[in-house]
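S.K.: Below are the structure tokens for one structure; questions will follow.
Number of protein chains: 2
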Amino acid sequence: MRSPAGDAVSELVVHVFRLNGLLLALGDQMAEPSGQTSARWRVLAAIDDAPLTVAQVARAWWLARQSVQRIADVLVEDGLAAYEPNPSHRRAQLLRITPAGRAALREIRGRQVAWAEDLGGRVGGADLQAANATLARVLEALTSS
Amino acid sequence: MRSPAGDAVSELVVHVFRLNGLLLALGDQMAEPSGQTSARWRVLAAIDDAPLTVAQVARAWWLARQSVQRIADVLVEDGLAAYEPNPSHRRAQLLRITPAGRAALREIRGRQVAWAEDLGGRVGGADLQAANATLARVLEALTSS
DNA sequence: ACCGAAACGACAGCATCCTGTCAATCGTCG
DNA sequence: CGACGATTGACAGGATGCTGTCGTTTCGGT
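Chains as they are written, first to last, in my numbering: chain L, 3 to 147; chain R, 3 to 147.
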């Protein structure tokens, strides 16, 4: 029982896997001059707006708690983030970005902006926004079930 | 220097990372009853149509040769694929899927079809196809440079 | 025919992410 | 207030993916 919609889903899966590989490599390139990696960038970006617990960061990126825990410990060790007491949970410390972490994040974002502008110009903002809306619906459909 | 197109690219990156995490978990669930994983499925799917060398499989998924090499060796060990001489390259053996591998692939595809039909029905085939076309253009723009 | 560049497989080492398990903590319900 | 389930961090172990390096093979230019 195959329909055009089902086939489109299968194709989307392949595209996402391929794009993920490409973007991981590109992300590492953009993070490397600041001494970071894609994995560390994910954690820093997650706590840029507000401090979060390790488990909250993991849920934001659909990773396991333990994966984020190790990266978070390294970030704290390097002074890019710091643990602070969580008023609403004694054991679940909050991970807060430090000024050094914010500086590294800003550096990486600078390279990302230039790259994103170039790619956006070549693909087209309208199509990208439409694709984003569809991907958001896919994410919601997969998580609401 | 930020434009709507650039912002859309940044949002797309986040969506792809999140979706990748989700799809990896779902893919493992669908592959697990057949004793496989997402990584093994990628290799099996790549050689379903025609035998390929390890390096060709790696390029198809934007992975490193060495990552695919280890998976391929395990697949051969488990009897799901087999190395065969490559007439056009003495050292680069061709990786061919075996009947057992094809059976496992068919099992997994059966679960994927049901899942894809459900998701496709909830999101809409037209939007998915449009998103696929845009993602294909993104992939092409990123690789042609 | 020869030589240099590129591609490939093998091996070692490391980074990232997963599962399973456990105890501590929190929230909820009775 | 007490008990139970859910959440969290910690630890151990394993699976997946990357980089670096080496020798072999192939291909293109001279």
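Ideal Cβ placement from N, Cα and C applies to all residues, glycine included. Fair warning: this is a prediction, and the values are worked out from it, not measured in the lab.
Please report the residue range of the alpha helix (DSSP H) in which A132(L) lies.
M.R.: 127-146
S.K.: Grab the span of the alpha helix (DSSP H) containing E86(R) for me, first residue to last.
M.R.: No alpha helix (DSSP H) holds E86(R); the beta strand (DSSP E) holding it covers 83-88.
S.K.: For W64(L), return the contacting residues in chain R, with the cut-off set at a CB-CB distance below 9 Å.
M.R.: F19, R20, L21, N22, G23, L24, L26, A27
S.K.: Please report the residue range of the alpha helix (DSSP H) in which I2(R) lies.
M.R.: Absent from the model: residue 2(R). The displayed extent of chain R is 3 to 147, so no value can be given.
S.K.: Is the separation between the beta-carbon of A10(R) and that of L107(L) shorter than 7 Å?
M.R.: Judged by beta-carbon spacing, L107(L) lies beyond the 7 Å limit of A10(R), meaning their Cβ atoms are not closer than that value.
S.K.: When burial is assigned at 16 or more other CB atoms within 10 Å of the CB, is G8(R) buried or exposed?
M.R.: buried
S.K.: Taking C-beta to C-beta, are E86(R) and R98(R) nearer than 7 Å?
M.R.: Contact check for E86(R) against R98(R) passes: the beta carbons are separated by less than 7 Å.
S.K.: Check whether the Cβ atoms of R20(R) and W43(L) sit closer than 7 Å, and answer yes or no.
M.R.: no
S.K.: In chain L, which residues lie less than 9 Å from T39(R) when you measure between Cβ atoms?
M.R.: Ordered by position in chain L, no residue passes the 9 Å Cβ test against T39(R), which lies about 13 Å from the chain.
S.K.: Can you find the residues in the same chain that come closer than 7 Å, C-beta to C-beta, to Q114(L), ignoring five residues on each side of it along the sequence?
M.R.: M32
S.K.: Name, please, each residue of chain R whose Cβ falls closer than 9 Å to the Cβ of L144(L).
M.R.: L21, L24, L25, L28, L121
S.K.: Ordered along the chain, which non-local residues of its own chain (more than five positions away) have a Cβ less than 6 Å from that of A57(L)?
M.R.: The residues are R67.
S.K.: May I have the straight-line CA-CA distance separating V16(R) from R104(R), to the nearest angstrom?
M.R.: 34 Å
S.K.: Report the three-state DSSP secondary structure of A94(L) (helix, strand or coil).
M.R.: When DSSP states are grouped into helix, strand and coil, A94(L) belongs to the strand group.
S.K.: For I99(R), which three-state DSSP category applies?
M.R.: It is a strand residue.
S.K.: Could you list which residues in chain R have their beta carbon closer than 7 Å to that of P53(L), in chain order?
M.R.: Near P53(L) there are no residues of chain R at all, since even the closest Cβ is about 20 Å away, more than 7 Å.
S.K.: Exposed or buried, what is T145(L) when buried is set at 16 or more other beta-carbons lying within 10 Å of its beta-carbon?
M.R.: exposed
S.K.: Can you tell which of V59(L), A52(L), A132(L) has the C-alpha that lies nearest to the C-alpha of A1(L)?
M.R.: Here chain L has residues from 3 to 147 only, and residue 1(L) is not among them.
S.K.: Do you know offhand how far Q38(L)'s Cα is from V70(L)'s?
M.R.: So the two alpha carbons sit approximately 15 Å from each other.
S.K.: Less than 7 Å between CB atoms is the rule here; does Q131(L) satisfy it with respect to chain R?
M.R.: yes
S.K.: For chain R, find out if any of its Cβ atoms is closer than 7 Å to the Cβ of S12(L); answer yes or no.
M.R.: Yes, S12(L) lies at the interface with chain R (some Cβ there is under 7 Å from its Cβ).
S.K.: V140(R) and V125(L) - do their beta-carbons sit closer together than 7 Å?
M.R.: yes
S.K.: By a C-beta neighbour count over all protein chains shown, 10 Å radius and 16 as the cutoff for buried, is S90(L) buried or exposed?
M.R.: exposed
S.K.: In or out: G122(R) buried (at least 16 other Cβ within 10 Å) or exposed?
M.R.: Burial check for G122(R): the Cβ neighbour count within 10 Å reaches 16 or more, so the residue is buried.
S.K.: Do you know offhand how far A143(R)'s Cα is from W117(R)'s?
M.R.: 30 Å
S.K.: Following the continuous alpha helix (DSSP H) through E13(L), name the residue where it begins and the one where it ends.
M.R.: It spans 6-33 - the alpha helix (DSSP H) in which E13(L) sits, taken as one unbroken run.
S.K.: Report, in whole angstroms, the separation of the C-beta atoms of A47(R) and L54(R), which I expect to be a contact under 8 Å.
M.R.: Rounded, the Cβ-Cβ distance is 11 Å, inconsistent with contact.
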